[in-house]
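Input: a single structure, listed below in structure tokens.
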Amino acid sequence: MGTMERYSKVGMQELDQRLSKIVEAARKKPVSVYRYGAPWVWIVSQDDWQGALKEVSSYIPPGHSLVLLRPQIDDLLDAHQGLLHDLNAEPGMLIPAQTVMHILLLQLLYSVPSEQQLYEQLNYNLLFRWFVGLGLNQKVWSFNVLSRDIATLLNEPRAVLLIQKIIGEVFCGALLQMPEFSLNFALLHTWLGRHSGAAHISN
1 MGTMERYSKV
11 GMQELDQRLS
21 KIVEAARKKP
31 VSVYRYGAPW
41 VWIVSQDDWQ
51 GALKEVSSYI
61 PPGHSLVLLR
71 PQIDDLLDAH
81 QGLLHDLNAE
91 PGMLIPAQTV
101 MHILLLQLLY
111 SVPSEQQLYE
121 QLNYNLLFRW
131 FVGLGLNQKV
141 WSFNVLSRDI
151 ATLLNEPRAV
161 LLIQKIIGEV
171 FCGALLQMPE
181 FSLNFALLHT
191 WLGRHSGAAH
201 ISN
């Protein structure tokens with residue numbers, strides 16, 4: 001076993017013979033117990049275990065505006081499950097449509113200037129990760145997948161109109177009281193401009 005490994009490995013026989021010492025060692029770094037040559041259980045300290053249990057949501061203040069408005073956003077999305085189902089059925093669509101809607105809302109609300117910067121934010125911004133449903137250690141989709149699925153959604157006029165509906169019903173009346181948002185109306189108008197003939201959303 002190399003000295004630089006982040007955990008120790010022991011077999012069942014060694015575990016039986018040296019339990020107290022192994023448990024003591026596990027206070028410093030996790031120990032992997034092998035049975036029949038394969039990983040079986042881990043022995044970890046209380047601090048390590050509590051750290052492993054922490055999810056993104058534990059880092060997000062419960063009074064944050066995005067947290068408070070999330071139920072209204074999801075209610076509007078839930079009311080248009082037919083549209084989301086159609087988008088999920090698009091060829092090559094890998095990210096759930098509802099997740100892409102959340103991603104685009106973040107881009108609007110925080111005036112993220114490019115998809116590349118949006119992608120970077122999803123990698124390290126805990127608020128963004130929480131809002132789109134990414135776990136603390138969950139890998140973000142590749143940039144190509146993200147960009148393609150965003151394009152698929154923005155090419156659907158009903159999806160862009162639904163984004164406009166969410167902004168209008170959930171955020172517009174509250175933006176003055178929520179200085180953390182910097183809504184990019186110009187970007188929203190650009191998306192809408194692609195579908196100037198679209199006038200309604202059908203579920």
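Each step along the sequence shown adds one to the number in UniProt numbering, with nothing skipped, and position 33 is 33.
A virtual CB, placed ideally from N, CA and C, is assigned to each residue, including glycine.
Only a predicted model underlies this, so the values are computations on that prediction, with no experimental measurement involved.
- Rounded to the nearest angstrom, the Cβ distance from R27 to S45 is 5 Å, consistent with a contact under 8 Å.
- Inter-segment contact for the region 114-124 and the region 145-159 is present: three or more beta-carbon pairs are separated by less than 8 Å.
- DSSP, reduced to helix, strand and coil, places R148 within a helical segment of the structure shown.
- In the three-state reduction of the DSSP assignment, Y110 falls in the coil class, being assigned neither a helical nor a strand state.
- Inter-residue distance for D86 and S20 is about 58 Å (C-alpha atoms, whole angstroms).
- Going by beta carbons, W130 and V56 fall inside the 7 Å limit.
- Between S65 and S182 a beta carbon distance of about 12 Å is seen, past the 8 Å cut, so the two are scored as non-contacting.
- Rounded to the nearest angstrom, the gap between the Cα atoms of Q81 and L136 is 27 Å.
- Looking at the DSSP output, W42 sits in a beta bridge with S32.
- One Cα belongs to D74, the other to R35, and the distance between them is close to 46 Å.
- As the crow flies, the alpha-carbon of V67 is around 16 Å from that of L108.
- Between the alpha carbons of Q72 and L188 lies a gap of roughly 20 Å.
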